[in-house]
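Visitor: Residue 378 in numbering that gives the first Met the number 0 is what sits at position 379 of the sequence shown, and the numbering runs on without skipping anything.
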Amino acid sequence: MSYPLDFSEYFRYDDLTAHLHGLADAYPELAHLQSLGRSWRGREIWAMTITNSVMGAPESKPAYYIDAHIHAEEVATSHTALYTIWYLLSNYGSDAQVSWLLDHTTFYILPRTNPDGAEISLTTGHHWCGNGRYLPGEEQTRGLCQQDINGDGLIVQMRIPDPAGEWKISPDDPRLMVQRQPGEIDGTYYRLYREGVIKGDWDGVTVEIERPRDGNLNRNFPAGWRPEFREYGAGETPLSEPESKAVMRFLLDHPNIAGIECYHTHAGMILRPSLVSPDSVIPPEDLALYKRIGAVGTELTGYPVISTFEEFTSDPANPRVGSLMQWSYDEMGIITFSTELWNPELAAGVADPAKYQIRARSTDDEIALLKYNDEHLGSKGFVDWTPFDHPQFGKIEIGGWTHMYTFRNPPPASVAATEKARGFLHETMHNNCLFTLRHAACAPLLQIENPKVEALGGDLYKVSATIANRGFLPTHLTQRALEHDTAGCINVMLSWQGDVKCLMGQPSVNLGHLAGRDERAATWSPWMRDWHTTRKPVEWLLRASEGTTVMLEASAPKAGTQQITLKLGGA
Ligand SMILES: [Zn+2]
0 MSYPLDFSEY FRYDDLTAHL HGLADAYPEL AHLQSLGRSW RGREIWAMTI
50 TNSVMGAPES KPAYYIDAHI HAEEVATSHT ALYTIWYLLS NYGSDAQVSW
100 LLDHTTFYIL PRTNPDGAEI SLTTGHHWCG NGRYLPGEEQ TRGLCQQDIN
150 GDGLIVQMRI PDPAGEWKIS PDDPRLMVQR QPGEIDGTYY RLYREGVIKG
200 DWDGVTVEIE RPRDGNLNRN FPAGWRPEFR EYGAGETPLS EPESKAVMRF
250 LLDHPNIAGI ECYHTHAGMI LRPSLVSPDS VIPPEDLALY KRIGAVGTEL
300 TGYPVISTFE EFTSDPANPR VGSLMQWSYD EMGIITFSTE LWNPELAAGV
350 ADPAKYQIRA RSTDDEIALL KYNDEHLGSK GFVDWTPFDH PQFGKIEIGG
400 WTHMYTFRNP PPASVAATEK ARGFLHETMH NNCLFTLRHA ACAPLLQIEN
450 PKVEALGGDL YKVSATIANR GFLPTHLTQR ALEHDTAGCI NVMLSWQGDV
500 KCLMGQPSVN LGHLAGRDER AATWSPWMRD WHTTRKPVEW LLRASEGTTV
550 MLEASAPKAG TQQITLKLGG A
C-alpha cells in the first residue's frame with residue numbers, strides 16, 4: 000500500500016492530522032501514531048514512531064528524534080518532518096538506506112509540537128512565536144499592538160511622516176525604505192512601526208512598544224531557564240506549557256534516543272551547541288563529532304554548521320537559555336542539531352546573508368530581495384505603500400515586506416510564481432530529510448558476533464561471543480554523556496531455564512563502553528588521540544545437561560538490544 004502526498008501547500012492542523020492517520024494506517028507494520036497530550040486549545044501533539052517492528056521493538060533499537068514547529072510561524076519545519084515520515088515509509092523496501100535504517104533503528108518524529116501557535120500563523124496575519132495560551136489580541140494589553148487595521152489579511156508596516164524619523168525612501172526604488180545616515184538632515188523622513196493600534200489610554204505622544212506575551216516554547220525547557228524578565232518568552236516556570244512538557248516527557252521516556260534534530264526557520268544554517276558557552280568549553284572529542292557529522296549536513300543542504308553561541312548570538316552577555324538543544328546536549332550529551340531551514344536571501348543571490356535577521360539590510364541586498372519578490376513571488380511578498388487614515392496617527396501609509404512566505408518559509412505553490420520558486424520548498428524538505436537520515440545512521444549499534452558453544456567433555460560447556468559496536472558513534476555517544484553519566488553502559492546477560500551452574504564468569508556483565516569508528520579519523524599515529532576497542536570478548540564456563548538452551552543478551556541504552564539463543568551440545 001502507499002500513501003501519495005502532495006506537499007505543494009502547507010497543511011493546517013486538521014489536514015496534517017488526517018495525513019498522519021493516513022500514513023499510519025497505510026503502513027501498520029512500520030508506523031505507529033500516538034498523541035503526547037493536548038495543547039492549551041485542545042489540539043493533539045502528535046508523535047510518529049517509525050521502525051520495522053519485525054526486526055525488533057522500537058525501544059530495542061537506537062533511535063533518532065526529530066521535532067518541528069515549536070515556533071508558530073515555522074510551518075516549513077512541520078512540512079519537512081512530515082516529508083521525512085512520508086519518505087521513510089514510502090521508500091522502505093526499495094531504498095537500501097531507508098530499509099537499513101528502519102531495520103536497525105527507530106525514528107520518533109513530532110511534526111507539530113505547537114499546534115495552536117501553528118494554526119494562528121496559518122490563519123491570521125499575526126506575527127506569532129508562542130503557543131495558544133493567549134490568542135492574537137490578548138497577548139498585549141497596552142502600547143502599540145499588532146493588528147490588521149486595513150483588513151487585507153496581512154500585518155505589515157506603517158510609514159508615518161516624522162521629521163525625527165530614522166527612515167527615508169530609497170532613491171533606487173520607491174518601495175524601499177533605507178536608513179537615514181548619522182548627521183544627515185534636510186530630507187523627508189519617516190518612522191516605521193508594525194501595523195497596529197495603540198491599546199489602553201494614550202497620551203497622544205508616547206508610542207510604547209511592549210514585548211508580546213505570546214511566549215516562546217523553546218525558552219521553556221529546564222536547562223539554564225531564566226524567568227520572563229530575563230528571557231523573553233520563558234513562561235512562568237520551566238515546562239509550564241503543556242507542549243514543552245509533553246516533549247520533555249517523551250524524551251525522558253525514550254532513553255534509546257541517540258541523535259536529535261530540532262527544526263526551525265529561518266537562516267539557512269545548521270546550528271549546533273553550545274548556546275551559552277564558547278567552543279573551548281565543549282570536550283574536543285564532541286566538537287570533532289559535531290564537525291564531522293555537520294560536514295555531511297553542509298554537503299547535503301549547502302547550509303554551514305555554526306556554533307549558536309559563537310556565531311548566532313547577538314549579545315554574548317545574554318545568550319539564549321532554556322532551549323531544548325541546551326538540555327539535550329549540555330545535560331544529556333546527545334548530539335543535537337537545530338537546523339534553521341530556508342533563507343530567502345540565499346534564494347535571492349545575496350552573497351553574505353544576515354544571520355539574525357535583526358540588522359537593517361544593505362540597499363543592494365534589499366534590491367536583490369525585491370527582484371526575487373517580483374520575479375519568483377509575483378510581487379506577493381511586498382505590499383505597495385497605500386495611504387490610510389489611521390484612528391490615532393492620522394494620515395499614514397501601510398505597506399512593506401510580508402513575512403510568512405517570504406522570509407519565514409519557502410513559498411507554497413499558491414505564492415510561488417515560477418518553477419524555480421515552486422522548487423524551493425521541496426528542495427528544503429528533501430535535502431534536510433537526507434541529512435537527518437545520515438545523522439540517524441551514525442548511532443552506536445550493538446551486535447553479538449561469533450557466538451560459540453564448546454563442549455569440553457562431561458557436562459562442561461564454554462559459551463563465548465564477541466560484543467561489537469558497529470556504529471560511527473561510541474556506545475556512550477559523547478564525552479558530555481560520560482561526564483554526566485547519561486548513557487548507561489553495555490550490559491551482557493546470560494540466562495537459562497533449568498539446572499545450570501555458572502562455574503566461571505558472571506551471568507550479568509557490565510562491559511563499560513565500546514568505541515565507535517569516529518575515533519579512527521585517520522591512520523594510526525602516536526600523536527593522535529588514543530584508539531579504544533570497538534569489540535570485547537565475553538565467555539562463561541557452564542555445567543549443564545546436554546540440550547539446555549541459554550539466552551545471550553547484550554544491551555546498551557543508546558546502542559540497542561541484541562538477543563540470541565544457544566543450545567548446549569546435542570544436535
Ligand atoms: Zn524557531
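Beta carbons: idealized from backbone N, C-alpha and C, even for Gly.
For S89, which three-state DSSP category applies?
Guide: Here residue 89 refers to the residue found at position 90 of the sequence shown. Of the three classes helix, strand and coil, the one that applies to S89 here is helix, per DSSP.
Visitor: Rounding to the nearest angstrom, what Cα-Cα distance links E339 and R111 in this structure?
Guide: Start at 1 with the first residue of the sequence shown, and residue 339 comes out as number 340. Start at 1 with the first residue of the sequence shown, and residue 111 comes out as number 112. Going from the Cα of E339 to the Cα of R111 covers about 16 Å.
Visitor: Going by DSSP in three states, Q478 sits in which element: helix, strand or coil?
Guide: Along the sequence shown, one-based indexing puts residue 478 at 479. Q478 falls in the helix class under three-state DSSP.
Visitor: The alpha helix (DSSP H) that contains C432, what's its start and end?
Guide: Position 433 of the sequence shown, counting from 1, holds the residue named residue 432. 418 to 439 is the extent of the alpha helix (DSSP H) around C432.
Visitor: Taking 7 Å as the cut-off, is the C-beta of E118 nearer than that to any heavy atom in ligand 1?
Guide: The residue you call residue 118 lines up with position 119 of the sequence shown. Result no, Cβ not under 7 Å from ligand 1.
Visitor: Give the straight-line distance between the Cα atoms of P221 and P506, rounded to the nearest whole angstrom.
Guide: Looking up residue 221 in the sequence shown gives position 222. Looking up residue 506 in the sequence shown gives position 507. If you take the alpha carbons of P221 and P506, they lie about 39 Å apart.
Visitor: Which residues mark the beginning and the end of the beta strand (DSSP E) in which I65 is found?
Guide: Position 66 of the sequence shown, counted from the start, is the residue given in the question as residue 65. It spans 62 to 66 - the beta strand (DSSP E) in which I65 sits, taken as one unbroken run.
Visitor: For the beta strand (DSSP E) holding D383, just list the boundary residues, first then last.
Guide: Along the sequence shown, read from residue 1 onward, the residue named residue 383 stands at position 384. Looking at the DSSP string, the run of the beta strand (DSSP E) that includes D383 is 381 to 389.
Visitor: Can you tell me whether H125 sits near ligand 1, meaning its C-beta is under 7 Å from at least one heavy atom of the ligand?
Guide: Stepping through the sequence shown from its first residue, residue 125 is reached at position 126. Not so, every heavy atom of ligand 1 lies at least 7 Å from the Cβ.
Visitor: With H, G and I counted as helix, E and B as strand and the rest as coil, what does DSSP make of Q325?
Guide: Stepping through the sequence shown from its first residue, residue 325 is reached at position 326. Helix, per DSSP.
Visitor: At 3 residues or longer, what runs of the beta strand (DSSP E) sit wholly inside the stretch 258 to 298?
Guide: Entirely contained in the stretch 258 to 298, the beta strand (DSSP E) runs reaching 3 residues are, in chain order, 268 to 271.
Visitor: Alpha carbon to alpha carbon, how far is S38 from I563?
Guide: Your numbering for residue 38 matches position 39 in the sequence shown. Your numbering for residue 563 matches position 564 in the sequence shown. Distance between the alpha carbons of S38 and I563: 43 Å.
Visitor: Does the beta carbon of N217 fall short of 7 Å from some heavy atom of ligand 1?
Guide: The residue given as residue 217 occupies position 218 in the sequence shown. The answer is yes for N217.
Visitor: G456 bridges to which residues according to DSSP?
Guide: Numbered from its first residue, the sequence shown carries residue 456 at position 457. Note: G456 sits in a beta bridge opposite L459.
Visitor: Considering only the beta carbon of each residue, do Q561 and I489 sit closer than 8 Å?
Guide: In the sequence shown, residue 561 corresponds to position 562, counting from 1. In the sequence shown, residue 489 corresponds to position 490, counting from 1. Their beta carbons are not under 8 Å apart, which means Q561 does not touch I489 by this criterion.
Visitor: Taking C-alpha atoms, which residue in T297, G301, T300, I305 lies nearest to L286?
Guide: Translated into the one-based positions of the sequence shown, residue 286 becomes position 287. Checked all of T297, G301, T300, I305; the closest Cα to L286 is I305.
Visitor: Out of V196, H31, K60, point me to the one whose CA is closest to L143's CA.
Guide: Mapped onto the sequence shown, residue 143 falls at position 144. Answer by Cα proximity: V196.
Visitor: From F106 to M47, what distance separates their C-alpha atoms?
Guide: Position 107 of the sequence shown, counted from the start, is the residue given in the question as residue 106. Position 48 of the sequence shown, counted from the start, is the residue given in the question as residue 47. C-alpha separation (whole angstroms): 8 Å.
Visitor: Quick check: does the Cβ of H263 come within less than 7 Å of any heavy atom belonging to ligand 1?
Guide: Residue 263 sits at position 264 when you count from the first residue of the sequence shown. Yes.
Visitor: Can you have a look at A163 and say buried or exposed, based on whether 16 or more other CB atoms are within 10 angstroms of its CB?
Guide: Here residue 163 refers to the residue found at position 164 of the sequence shown. Looking at its Cβ environment, which holds fewer than 16 other Cβ atoms inside 10 Å, A163 is exposed.
Visitor: Between which two residues does the beta strand (DSSP E) carrying G559 extend?
Guide: Reading the sequence shown from its first residue, position 560 is the one you call residue 559. 559 to 566 is the extent of the beta strand (DSSP E) around G559.
Visitor: Could you pull the DSSP bridge partners for K394 from this structure?
Guide: Position 395 of the sequence shown holds residue 394. Answer by DSSP bridge pairing, in chain order: D388.
Visitor: Any heavy atom of ligand 1 closer than 7 Å to the Cβ of H70?
Guide: Taking the sequence shown and counting its residues from 1, the one referred to as residue 70 is at position 71. H70 Cβ: within cutoff of ligand 1.
Visitor: From the DSSP output, which residues share a beta bridge with K535?
Guide: By one-based count along the sequence shown, residue 535 stands at place 536. For K535, which the question treats as bridged, DSSP gives the partners I466.
Visitor: Let me make sure I understand the geometry here. Which of E374, H18, Y231, G568 has the alpha-carbon closest to that of R210?
Guide: Translated into the one-based positions of the sequence shown, residue 210 becomes position 211. The shortest C-alpha separation from R210 is found at Y231.
Visitor: Report the residue from A553, H125, L109, V462 whose alpha carbon sits nearest the alpha carbon of L81.
Guide: Taking the first residue of the sequence shown as position 1, residue 81 is located at position 82. Checked all of A553, H125, L109, V462; the closest Cα to L81 is L109.
Visitor: When you compare only the Cα positions, how much space is there between E538 and E309?
Guide: What you label residue 538 is simply residue 539 of the sequence shown in a count that begins at 1. What you label residue 309 is simply residue 310 of the sequence shown in a count that begins at 1. E538 and E309: Cα-Cα distance of roughly 49 Å.
Visitor: So G21 is in the beta strand (DSSP E); what residue range does that whole segment cover?
Guide: As a working mapping, residue 21 is identified with position 22 in the sequence shown. Where G21 is concerned, there is no enclosing beta strand (DSSP E), although the alpha helix (DSSP H) it sits in stretches over 12 to 25.
Visitor: How is Q96 classed by DSSP in three states: helix, strand or coil?
Guide: Within the sequence shown, numbered from 1, the residue matching residue 96 stands at position 97. Looking at Q96 - three-state DSSP - the assignment turns out to be helix.
Visitor: For Q96 and D102, I'd like the C-alpha separation in whole angstroms.
Guide: Mapped onto the sequence shown, residue 96 falls at position 97. Mapped onto the sequence shown, residue 102 falls at position 103. One C-alpha to the other measures close to 10 Å.
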